[in-house]
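Student: Please read through the structure below; I'll follow up with questions.
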Amino acid sequence: PKSRQVIADALQVQTPTRPSVRGTLVIEEGFGSGIKDPDDNIYIDLSAGVAVSSVGRNHPKVVEAVREQATKLMHSAGLVSSTTVKLAKKLSEIMPEGLRDECFTVFGMSGSAAVETAIKFAKAITGKHQIVAFEGAYHGVFHGSLALTTRENFRVPYMPLMPGAIHMPYAYCYRCFAGFDSKSCAQACGKYLDFKLNTPNTGADDVAAVIVESMQADGGYIDPPIEFMKALREACDKRGIILIIDEVQAGAGRTGKMWAVEHYGIKPDMLVWAKAVGGDMPLSGVTVHKRFYEKLPQSSQVITSAENAVVNAVGLANLEILSDPKDDLIGRAAKLGGELKQRLLDFQKTCRLVGEVRGRGLFIGVELVSDKDKRTPLDAKYMGQIAKTCEQRGVRVMACGRYGNTFRLMPPLVITEAHLRKGIDIFLEAIKEVEA
Ligand code: PMP
503 PKSRQVIADA LQVQTPTRPS VRGTLVIEEG FGSGIKDPDD NIYIDLSAGV
553 AVSSVGRNHP KVVEAVREQA TKLMHSAGLV SSTTVKLAKK LSEIMPEGLR
603 DECFTVFGMS GSAAVETAIK FAKAITGKHQ IVAFEGAYHG VFHGSLALTT
653 RENFRVPYMP LMPGAIHMPY AYCYRCFAGF DSKSCAQACG KYLDFKLNTP
703 NTGADDVAAV IVESMQADGG YIDPPIEFMK ALREACDKRG IILIIDEVQA
753 GAGRTGKMWA VEHYGIKPDM LVWAKAVGGD MPLSGVTVHK RFYEKLPQSS
803 QVITSAENAV VNAVGLANLE ILSDPKDDLI GRAAKLGGEL KQRLLDFQKT
853 CRLVGEVRGR GLFIGVELVS DKDKRTPLDA KYMGQIAKTC EQRGVRVMAC
903 GRYGNTFRLM PPLVITEAHL RKGIDIFLEA IKEVEA
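Pasting the structure below:
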C-alpha cells in the first residue's frame, strides 16, 4: 500500500530521533475525529492527534478563519497585529480565576517553547535560579523544559541540561511511594515539598518557581487529589515562589472545565498552554499575572515566527468554538467523559488487566497491569499488541506513563457518541484478547 512507501521514505529522510515512524499510521486527511491514510482507510482517532484536535480536525469555522486571514495577513514579526491582540484579549477573558482579566500573554509555537519562556520569566522576576518540577513530568524537549522532564531516554543523550532543576514526588496515588491511601499520599507529597523547601543548605531559598501539570499527562494521565495542588499553592505562597501551571495537554476544555486547574480551586501565577488552543495550527503561550509586568526586563525576548496572524486567527476560532454555549463542547467533555469513565470502571470489574481507571472529562487514563495485587505494569509487548489490534480495526489509541502501561483516552470533544462507543468497543475487545 501507499502508506508503506511513505514510511520507507520517512525512514530515509526524517530524523531517527522522531518516535514511532516504523509501523505507525500515515495520515493524509483529517476530519472531525476521523483520519484517513493514503490507502483510503479511515480511523477513529481516540488520541485527538495527541490531545490537540479538541474541536476536531479541519473544523469548518477553522478552515474559514484560515481562508479569511490568509488573504489579509500572515506573518507579522516586528509589528503589532490586531488578530494577535484579539487573541491575547480572549485568553485574558477565559483564564482561570487569579489570572482572568489581569494578565498578559507571550506567544510561542510549541509547548516546550512556552515552558522555556515561563521559567526564564520566573528567574528574571524573582532573581532566583532553581525550578521545582515533579517525578513523571513532561514539560518539553529543550534545555530548560527537558531538565524539568523525567523521561530518561529523552534526557540522557543530551546532558548537561539546565542547572537548578529539582524533582519532587507527584501525588500518583495508585503507586504511592509510601503505600498511603490517596488523601494521605496527596498530603504527604505536598508536605514533602514544604519540608524540602524548609531544609537549610539545599539551596531551597533559591527557588524561583514550582512548575506542575494540572493533571499529569505523559506521566500517566493522573488527576491528583485536590489536597496535593492546594499544598503546592500554600508552599509557594509562604515563600513568594511562582507557581506555574502547565495546561499544555489537559487545558482548553478537555477535562470538562476550560482549565484543569479549575477543578482544584487554586490560582496560578502563570499558565502555560498549547496543543488544543492552536488545534490544527502550532500555537502556544504563557499567560502571566499582571503584577509581574513591571518586573520583566523590557525588550528582552523575541520569537520571530510567533504571533503569526493565521495561526492566531485559528487560535481565536478554536477558543470561540470551545466557549460557544450553544455547542457546549466543554460540558459535553464532562458528560461523555463521565459516562465513558463509568463504562471503563464497570469493565475493570470483569477484567484482571485493568489496574486503575482515572481522570476527568475526556482526559482518561486506563492503567493496565499483569497482576492487580502487585500492580505489576503490563509488559510493553502486550501494550503494543493492544494498540496494533485497535489500529487494524480502525481505531487509534496511544499509551503513556512512567511504565508505558497506561492508555490515554483523549478523543476530540466533538466525537459522536456512536464513534466513541464503537472506538471503545474495539479498545476493550483488544484488551480482552490479551487477557485471554
Ligand atoms: N507540557 C505538557 C504537559 C505536554 O504534554 C507537552 C507535550 N506532550 C509539552 C509541555 C511540550 O509541548 P510540545 O510538544 O508542543 O513542545
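Per the numbering used here, the sequence shown starts with residue 503, numbered consecutively. We put the beta carbon where it would ideally sit given N, CA and C, even for glycine. Bear in mind the structure is a predicted one, so any value in this text is a computation, not a measurement.
1) Only counting the same chain, and skipping five residues up and downstream in sequence, which positions put a Cβ closer than 8 Å to that of K574?
2) May I ask which residues mark the beginning and end of the beta strand (DSSP E) holding E545?
3) My output table needs one value for P727: the three-state DSSP class, helix, strand or coil.
4) Taking the C-alpha atoms as reference points, what is the distance between V528 and A550?
5) What runs of the alpha helix (DSSP H), each 4 residues or longer, lie entirely inside the segment 560 to 594?
6) Please classify M731 as buried or exposed, where buried requires at least 16 other C-beta atoms within 10 Å of its C-beta.
7) Go through its chain and collect everything with a Cβ distance to K563's Cβ below 7 Å, but skip five positions before and after it.
8) Could you tell me the distance, in whole angstroms, from the CA atom of E715 to the CA atom of W775?
9) Please work out which residues of its chain come closer than 7 Å, Cβ to Cβ, to Q632, disregarding the five sequence neighbours upstream and downstream, and give them in chain order.
10) Go ahead and label Y905 buried or exposed: buried means 16 or more other beta carbons lie within 10 angstroms of its beta carbon, across all protein chains shown.
11) Would a C-beta distance cut-off of 9 Å place L922 and G861 closer than the cut-off?
12) Where F978 and G525 are concerned, what is the direct C-alpha to C-alpha distance, given to the nearest angstrom?
13) Can you give the beta carbon distance from P598 to C675, rounded, assuming they're within the 8 Å contact cut?
14) Excluding five sequence neighbours on each side, which residues of the same chain lie with their C-beta closer than 6 Å to the C-beta of R877?
15) Any idea what DSSP makes of R506, helix, strand or coil?
16) Could you pull the start and end residues of the beta strand (DSSP E) that L798 belongs to?
17) For P879, which of helix, strand or coil comes out of DSSP?
18) With distances taken from CA atoms, which of E729, E796, E893 and E618 is nearest G767?
19) My output table needs one value for T908: the three-state DSSP class, helix, strand or coil.
20) Does DSSP classify I805 as helix, strand or coil?
21) Can you name the start and end residues of the alpha helix (DSSP H) that Q718 belongs to?
Tutor: Reading from the atomic positions:
1) Cβ within range, chain order: A811.
2) For clarity, residue 545 is Tyr in the given sequence; the question names Glu instead. The continuous beta strand (DSSP E) containing Y545 extends over residues I544 to D547.
3) Coil.
4) Roughly 15 Å between the two C-alpha positions.
5) Runs of the alpha helix (DSSP H) inside the segment 560 to 594: 562 to 572.
6) By the neighbour-count criterion, in which 16 or more other beta carbons inside 10 Å mark a residue as buried, M731 falls on the buried side.
7) Excluding residues within five positions, the ones whose Cβ falls inside 7 Å are A819 and I823.
8) Looking at the backbone, the Cα of E715 and that of W775 are separated by about 11 Å.
9) A distance below 7 Å between beta-carbons, with the five flanking residues on each side excluded, links Q632 to the following residues of its chain, in chain order: G666, I668, G705, D708, V709 and A710.
10) Looking at its Cβ environment, which holds 16 or more other Cβ atoms inside 10 Å, Y905 is buried.
11) For L922 and G861, no; Cβs fall outside 9 Å.
12) Because the chain in this structure spans residues 503 to 938, residue 978 falls outside the shown range and cannot be described.
13) Contact between P598 and C675 is absent: CB atoms are separated by about 24 Å, not below the 8 Å threshold.
14) Correct list, in chain order: G857 and V871.
15) Annotated three-state conformation of R506 is helix, per DSSP.
16) Bounds of any beta strand (DSSP E) do not take in L798, whose DSSP letter is neither H nor E.
17) In the three-state reduction of the DSSP assignment, P879 falls in the strand class, which pools E and B.
18) Of the candidates E729, E796, E893 and E618, E729 places its Cα closest to the Cα of G767.
19) Taken through DSSP and simplified to helix, strand or coil, T908 comes out as strand.
20) If DSSP states are grouped into helix, strand and coil, I805 belongs with coil.
21) Unbroken run through Q718: none, as it is neither H nor E.
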